[in-house]
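The working numbering numbers the first residue of the sequence shown as 1 and each following residue consecutively. The C-beta atom is built at its ideal place from N, Cα and C for all residues, glycine as well. Worksheet: one structure, shown below.
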Amino acid sequence: MIESFNNRLKRKTNPKTEFPTEQSLDTFIGVQAMDYNDRYFNRIHKGFWQVRDTLESYFD
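The following block contains the structure:
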């Protein structure tokens, strides 16, 4: 999941050679992270259903 986000971020930042300020870079990364979370929040990864009950019991 982390590698997927990193690849997405690299694709989005590749056309931009530089950001005018550090704050603009932080804002850009924040927006990308929020968009990624909105898209993939309900996605269940392969094999996760096998341990889902166990993980949920830890947090109940």
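Does the Cβ-Cβ distance between residue i and residue j come in under 8 Å?
{"i": "R65", "j": "Y36", "result": "Absent from the structure is residue 65, since the part of the chain shown begins at 1 and ends at 60."}
{"i": "F5", "j": "F19", "result": "no"}
Nearest CA to the CA of residue i: which residue from the options?
{"i": "E3", "options": "D38, A33, T21", "result": "A33"}
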